[in-house]
Amino acid sequence: MNIRGFKFLVEAAIINVQINVHFNCKIQVILKRGSQKLETQPIYELQKGQAIINESLNFTISVSLGLDGKFEEKKTQIIVILVTDKGQKNAGMHNLNLSQYLNQQQFEFQEAFLLEKCPDKNAKVVVNFKIKQIGEMDQESETTEHSLDMSQTSIQTPSKIIQESKNENSDKKQQDSDLRLQIQKLKCKLNDMIEKEHYQETILNFEQQLQELNTKLKSFINENTMIHAQLKAKSFVIEQQASEIAQLKSQLSEQENEDQENYKNELRILNDKNKQLENLVTEQKSQIINLNNIMAEKQENRKESFNSNENNSVDQLNEQIEKLQIQLKEKNDQMQNLKNLTSGTIIALQQRNESLEKKLNDQKEIIEKLKNQDQTLKAISSNDSSILVEELQSALSIKKQDIETLQQKYEQELAKKEEIVQNLQHKLEESLRKELDSSKTIQDSKNQAYYLEKQIEVQTNQQDKSKVEQQMVRLRSQVQQWQSKWENNQKVLSDYNNEVQQMQRQIADVPSFIEDQRELPEQLLLLKRAIQAKLQGYHQSQQILEQKVQQLQQELEICSYKLKLEQSQQCSDSQYQEQMHAYSEEISQLNSALQQKTDELKFLSLESEQSKQQVIELSKQFEESKSQLNNVRQNMMKTKQSLAEAQQEKILIQAKMSEYQKSIKEKNAEIQKGQELIAELEQYNIQMEETISQTLEQYKIQIQQTKQSYEKEKKWRLELQQQIQILKDELQKLRQEVGTGTPQQNASEKSHQCNCQDQLKQNQHYIDELQQQIAELQLYKLEQGIQRNSIHQIRTSIYASKRESLIHQQYEDKKEDTAINQRQINQNENGKIKELEEYIHHLINEKIKVSREYQNELEKALLANDKLEIKYTRLLQELELSKIKIGDIFNAAIEIGGTPLVDKLQIAFGIQE
């Protein structure tokens, strides 16, 4: 008993491998069946735990049917191998029984097989199997080629093809019904043609159709080859684009990580700086509060001293208080300038921090709040200062009234001493002229310094503008490059989409061609059957005719035998002769008819042989067309698979392009943020320019204040001159009173007066020399102050005022010496002289006390200024350190990521757009 066996062609398309591995490797898949081994290429890389392979492996299997009608077991192994630099490692395997699917009549299926003996329990291999029957086998004897051909035809019957077409699409049902109608029509036509014996023409037409089909098949195969080549080229381009996109993604992820780390470091640095600046601001505020408290205490002390002191000392104290107020105002202005500068730096740092966190929305509100607070603080400070000034003015007005009463008393005495004072006035005028010249020179030098500062500022502004313009140009060029890249990618996508659409159109035309080709084998089968039926009819008719001929021959033999007998018996009868003649004529007629029939039979046999040969040729052509159609179907299935893969790749590329577009949009948003930062920086530069203009105006105000203080000093000197004149008048009065005494006393007094006059002249010369030296020193210090900063200018003014106070003290000490000499001379004078001397001594002591207090206050102010300078230098050092750190960051960025990373850092710091 023979057991049936079948041969199958198995096509295993390995789609992907899913496995989690913590090192870089490549994947290879092996199909093992007995000694037969099939391998994929070891080039597929793992990306996020998945390796996309899309490679097919083909092999044949022979399966025999058992007694129970089921196929026997046929096992194959699927092995996954990890390929590394060190070598190959077995990642797992899966045992598969193909006969299980054949018993279930699953000839096309896709499954994800779990890997055994793998550390990753969830590791899978996704494989798509397609099983096709090639032929039939007998274990005892091999079948002939004809049986193989018949097995092939029996597998792919028209009914199966129609069923497949019905299952594929509902539209094909209508086409099948139309085909059936056409086949029926053709049957009717063929029957008519066979009956009319014109089947040769139909055969020729079919041969022509077959030739046309062959040409179409060849052209279609050529087109398929072209399509395959195009698809391979496009798949290669797509793979390159995918690799480029993956590289871009990796670069973007690295850059994002680096940006985040840099951003965190910058935030830490900026927070530390903010804390330091806040500490400095709090210290400065505490110092300002202490200074205000000291001023309030001094003002209270001054008020008490005003009430206790006499009228002449009040003027001097008021002038000193005004000087102190002016200096305090100057210091307050300086402190406010420093506050503005520090607040400006704090605001800038806050803007940068908040621009990276809150998109610059909260910064404006904070800046407005700070401005309002500054305005309120300024208003409060201005109100307090105005109240103090009003109180001082009221006290001054009261004391001026008292002074006016005293002036009225002394006006009479001043008239007598005008002659003595004229000489002093000339000297003072000369000194004033010298001071005016010196002031002019100082103003000229100040103007020159101002112009130089303006020029420097203009140059720096131009340099900053040029830098900003260069940065803007760079950013615009980068934006254009990104836009050009995006447009190029869009063009590539559009070209690819167009090509895919063309391919889809071609493939949409292919099914109609295939359906037309499917119709042809059915028509050929029907023709073959009709031809076989007609041939069978011819054979039957031929057999009948042969039987008739044999019967006629037997009858002829019988008749001839009878004739011979009759001839032998009736040779003499004439009637018999006539009958024989008639019989002979009938026999000749029958022989001629037989010959005609034999000729017709020969002709029919020849025609039947020719028709057999034609049928054999048609069957061969039919089988060839079938094999060609099978090849075309296989090719079409492969093209469908490749197109499906291409569509999947297209979908993946579109997803990647959408992600790429999203990243481009994000970068555009970042660029817009950078532009907004640049706009805010420009606003910040405008604000800085405004602050610089304000500082210049403040410097102008300070210069005006110095002029006012200089005028006040002039007034103070005039008042001193008036006091000197008063003292001289009193001396003259005393001399006149002393002149009424004895001649000896007069002579001694005259000699003593002469000595006193000499001493006074010497003292005046010494005073003049000191004043000249003071003027020269003031000029020298003013020149140095122009070259230094505003703080140094304040110091020089303070030192100058300090030295003037010391000179004034020396002058008063000399006055004390003269007063002592006069006391020795005028021991015998009346109580008026003693009262005057005591009064002068009292005034001098008070002046000394005031000057000492003033010196102490100046020293405190100088110490405060020194502290401010130290803090200012610390801030500058910190700024330089931060610049050095930023430079190091940029150098590291150049080494790591090049110019694009540096541009991004500049955008993050707000340097570029």
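Numbering (our numbering), first residue to last: 10 to 922. Backbone N, C-alpha and C define an ideal beta-carbon position, used for all residues, glycine too.
- By the C-beta density criterion, residue 253 is exposed, having fewer than 16 other C-beta atoms within 10 angstroms.
- Between the stretch 231–241 and the stretch 638–655, the count of Cβ pairs shorter than 8 Å is three or higher; the stretches touch.
- Assignment of residue 54 by DSSP, reduced to helix, strand and coil, places it in the strand class.
- By the neighbour-count definition (other C-beta atoms within 10 Å, threshold 16), residue 101 is a buried residue.
- Per DSSP, residue 29 lies in no alpha helix (DSSP H) and is assigned neither H nor E.
- For residue 870, the number of other beta carbons within 10 angstroms of its own is at least 16, and it is reported as buried.
- Look at residue 908 here: in three-state DSSP terms it is helix.
- Cα atoms of residue 47 and residue 637: separation of roughly 28 Å, rounded to the nearest angstrom.
- Note: residue 144 is bridge-paired with 16 in the DSSP secondary-structure output.
- Non-local beta-carbon contacts of residue 911 in its own chain, meaning distances under 7 Å to residues more than five positions away in sequence, involve 899, 902, 903 in chain order.
- Looking at the DSSP output, residue 120 shares a beta bridge with 136.
- Residue pairing by DSSP places residue 48 opposite 39 in a beta bridge.
- The three-state reading of DSSP puts residue 84 in strand, counting E and B together.
- Residue environment analysis places residue 197 among the exposed positions, since fewer than 16 neighbouring C-beta atoms fall within 10 angstroms of its C-beta.
- Sixteen is the threshold: since fewer than 16 other Cβ atoms of the shown chains lie within 10 Å of the Cβ of residue 246, the residue is exposed.
- In the three-state scheme derived from DSSP, where H, G and I count as helix and E and B as strand, residue 93 is classed as coil.
- By a beta-carbon distance limit of 8 Å, residue 91 contacts residue 30. Their separation comes to about 7 Å.
- Cβ atoms of residue 58 and residue 27 come within 8 Å of each other, at about 6 Å.
- Residue burial annotation: residue 738 is buried, with at least 16 other C-beta atoms found within 10 angstroms of its C-beta.
- When secondary structure is reduced to three states using DSSP, residue 106 falls in the strand class.
- Take residue 34, set aside five residues on each side of it, and the residues of its chain with a beta-carbon closer than 7 Å to its own are 55, 91, 92, 93, in chain order.
- Membership of residue 66 in the beta strand (DSSP E) is indicated by the continuous run 59–73.
- Note: residue 101 is bridge-paired with 89 in the DSSP secondary-structure output.
- For the options 117, 660, 118, 84, the alpha carbon positioned closest to that of residue 106 is the one of 84.
- A distance of 8 Å or more separates the beta carbons of residue 665 and residue 242.
- Spanning the alpha carbons of residue 500 and residue 689 requires a straight line of approximately 37 Å.
- In summary, residue 49 is buried, with 16 or more beta-carbon neighbours lying within 10 Å of its beta-carbon over all protein chains present.
- Here residue 229 is buried. Its C-beta has 16 or more other C-beta atoms within 10 Å.
- Residue 80 counts as buried, since no fewer than 16 other beta carbons sit within 10 angstroms of its beta carbon.
- The beta carbons of residue 62 and residue 87 sit no closer together than 8 Å.
- Annotation for residue 140: 17, 19, 116 place their beta carbon closer than 6 Å to its own, counting only its chain and skipping 5 residues before and after.
- By the criterion of a C-beta distance shorter than 8 Å, residue 108 is surrounded in its chain by 72, 79, 80, 81, 82, 83, once the five residues flanking it on both sides are discounted.
- Burial check for residue 275: the Cβ neighbour count within 10 Å reaches 16 or more, so the residue is buried.
- A check of alpha carbon separations from residue 916 across 881, 894, 681, 868 identifies 681 as the nearest.
- Ranking 111, 674, 98 by CA distance to the CA of residue 127 puts 98 first.
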